[in-house]
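Each number in my numbering corresponds to the 1-based position in the sequence shown with 4 added. Everything below concerns the one structure shown next.
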Amino acid sequence: MYPVIKAASYILVHTPNIMIEGGTTQQLERDSQSDYMDQALKHIRSFQEAVLYAPNQAYIGNITPEVLENIPRPWYKNPLDNSSRYSKHGEIMPEDEFYILMQICDSFDLVKLDKDFVENMASKISQHPVLRDYADKIKPGINKGEIEAFIGNGAVPLRINGNLVGCVRKAHDKDINLSSHVMLENIATKASAVLALRHLVQDNNIDADSIEYVIECSEEACGDMNQRGGGNFAKAVAEIAGFSNATGSDTRAFCAGPTHALINASALVKAGIYKNVAIVGGGAVAKLGMNGRDHVKNDMPLLEDVLGGFAILVSENDGINPIVNTDIIGRHTVKTGSSPQQVIQSIVADPLDRAGMSLTDIDKYSVEMQNPEITEPAGAGDVPKSNYKMIAALAVKKGQLTRAEMDGFIDAHGLPGFAPTQGHIPSGVPYVGPAREAILSGEIKNAMIIGKGSLFLGRMTNQFDGVSVVLSKNPGIAEESPINEDKIRKIIASALRDLASHLGED
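Here it is in structure tokens:
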């Protein structure tokens, strides 16, 4: 009885001002007093431009990733007209609404908003499918002079089009783990995760009270000077999202975290411990504008201006939704080695070998799905394509493909990159929702979700990391034939005769 993928949601938040204030690249450039910051402000996209950007539409599910192959690049010069900020899987939220959501998610009165700004946002809040349910939780704003005083004491300013509308205060005078910048990062992660969870239940008519466990798998860490990354984001997010019957915990494994979380959730459901487990990841403020220098240098918009978020519901088998095949799990072990070939062998080829499958038996591979339009100017190339080339080369080495068939394999089994470079966000899970729909419609029969992570970033090990899992068409729940009493007697009698014969007795 395999667990199933019952639903998935994907959200983006357009945060150009948070990018300027909180993105690591921007902070470093500001500290060094370079002229980059003046240039960066000239390369900021409008909210509408972010909505019309084709990869963003693919991420929230208004188009399938494959549609991107038919749109000329650069995609930022070829907007998708008539695109919607909402989809059946989620939305792209503008920054002003996100400030309100951050205040709603703030449990310690750290997010301070201007009173005129809060009042002017009332009509937008009343029309929003998620925010309108939290209208009674919005705190009154304060005078701008008070906000400026907080900023003078180290608070991070919150602006809209250059206009000051609020700030995020530090949570402790001496603890750097509770500084204003860290609190901005953590509250933004929490708020974007809440948005993803609310879309998960509201867009799919799921009872929030049916969720028993939440696993949060972003790349942030919350805690004070005595715990640092102690957590628990999951419980904090579940509280605001209204998952009153849920408990939860955080899973951290850099970019591979979401796939680890998907496997952990599937194991909990398959074991019968919980019937419904949600995994959720909020966005990473530090990675906003990460490749901004190269984008400015190439006279491009700052494309890393969105926080990503997702939520996936793993439930007990219903006989309909795609199963998470827990018999086919790839894992990068301590002894594997960290070369790209060793990683792909361990997390892609080895689990398929154990299952008696070839690399060509998987219809779609979801690897590190970074948008190449973001990574190529920085010299990182097309990350998904590089992964697909390695998988294809491995298939050739195993005799499952000829060299002449490699390009065809990549086209048939690969996907164009479409996710924002938010670390954990692109790593495998962006395709879980589209894969679920493609499997249900019969377009594909299975997909492999691959998460890879760079553990060496923590300076604790030189190890790499990676895991994978296969989603497959649900074969239906097998009905067991009832055994009547007479049949049971015959089975026992037969067993006794066999035993007597074995012992040489009459």
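Just so you know, even glycine gets a beta-carbon here, dropped at the ideal spot from N, CA and C. Treat the numbers as computed from the prediction; the structure is a model and nothing was measured.
Segments assigned alpha helix (DSSP H), at least 4 residues, entirely inside the stretch 74–155:
99–109, 119–124, 126–131
Quick check: the Cα distance between Ser319 and Asn209, rounded to an integer number of angstroms?
14 Å
Rounded C-beta distance between Ile332 and Ala353? I'm assuming under 8 Å.
Not really, about 12 Å apart at Cβ, beyond 8 Å.
Quick check: the Cα distance between Gly432 and Cys109, rounded to an integer number of angstroms?
28 Å
Using DSSP's beta-bridge definition, name the partner residues of Leu317.
Ala11, Ala282
Cross-strand partners of Ala423 (DSSP beta bridge):
Gln374
Under the rule that 16 or more other beta-carbon atoms within 10 Å means buried, what is Glu25, buried or exposed?
buried
Exposed or buried, which one is Asp510 when buried takes at least 16 other CB atoms within 10 Å?
Residue placement at Asp510 is flagged as unreliable, the pLDDT there being 46, under the threshold of 50; a coordinate-derived value is accordingly withheld.
Roughly how many angstroms lie between the CA atoms of Ala423 and Ile496, to the nearest whole one?
60 Å
So, helix, strand or coil for Ile244, using DSSP?
helix
Sub-8 Å separation of Leu168 and Ile151 beta-carbons:
yes
According to DSSP, is Ile496 part of a helix, a strand, or is it coil?
helix
Using 8 Å as the threshold, is the C-beta distance between Ser4 and Pro434 below it?
Residue 4 lies beyond the residue range present for the chain, which begins at 5 and ends at 510; the question has no answer from this structure.
Contacts around Ile348, its chain only, beta-carbon distance under 7 Å, and the 5 residues preceding and following it disregarded:
Met394, Ile395, Leu398
Alpha helix (DSSP H) containing Ser184: first to last residue?
184–206
For the beta strand (DSSP E) that contains Pro161, what are its first and last residues?
160–164
Apply the 10 Å Cβ neighbour rule to Asn181 and answer buried if 16 or more other Cβ atoms are within range, or exposed otherwise.
buried
Taking the alpha carbon of Lys368 as the reference point, which residue from Thr330, Gly418, Asn321 has its own alpha carbon closest?
Gly418
Report, in whole angstroms, the separation of the C-beta atoms of Ile351 and Asn478, which I expect to be a contact under 8 Å.
With a Cβ gap of about 24 Å, Ile351 and Asn478 do not count as contacting.
Taking its Cβ as the centre, do 16 or more other Cβ atoms sit within 10 Å of Lys291, making it buried, or is it exposed?
buried
DSSP three-state call for Asp510: helix, strand or coil?
With a pLDDT of 46 at Asp510, under the threshold of 50, the predicted position of this residue should be treated as unreliable, and no value is reported.
Would you kindly work out how many angstroms separate the C-alpha atoms of Gly252 and Val284, rounded to a whole number?
11 Å
Report the three-state DSSP secondary structure of Ile332 (helix, strand or coil).
strand
Based on the DSSP secondary-structure assignment, which residues constitute the bridge partners of Cys259?
Ala257
Less than 7 Å between C-beta atoms, sequence neighbours within five positions excluded: which residues of the same chain meet that for Gly313?
Ile15, Ser196, Ala197, Leu199, Ala200, Gly285, Gly286, Gly287
Extent of the continuous beta strand (DSSP E) run through Val582:
Limits of the chain in this structure are 5 at one end and 510 at the other, which puts residue 582 out of reach.
Apart from the five residues just before and just after Ile244, which ones in its own chain have a Cβ nearer than 6 Å to its Cβ?
Cys109, Val198
Classification of Ala126 by the beta-carbon crowding that lies within 10 angstroms, buried from 16 upward:
exposed
Straight-line Cα distance separating Tyr103 from His264
31 Å
Looking at Ile586: is its Cβ nearer than 8 Å to the Cβ of Val436?
Nothing can be reported for residue 586, as the shown portion of the chain is limited to 5 through 510.
Could you spell out where the alpha helix (DSSP H) holding Gly412 opens and where it closes?
410–417
Quick one: grab the DSSP three-state call for Arg49.
coil
Nearest to Tyr6 by CA position, among Thr193, Gln426, Asn329, is which residue?
Asn329
Mind checking who Thr251 pairs with in its DSSP beta bridge?
Tyr217
Out of Arg256, Leu105, Ala275, point me to the one whose CA is closest to Asn236's CA.
Arg256
Cβ distance (whole Å) where Val473 is taken to contact Ile219 below 8 Å
Contact flag wrong, Cβ pair sits at about 14 Å.
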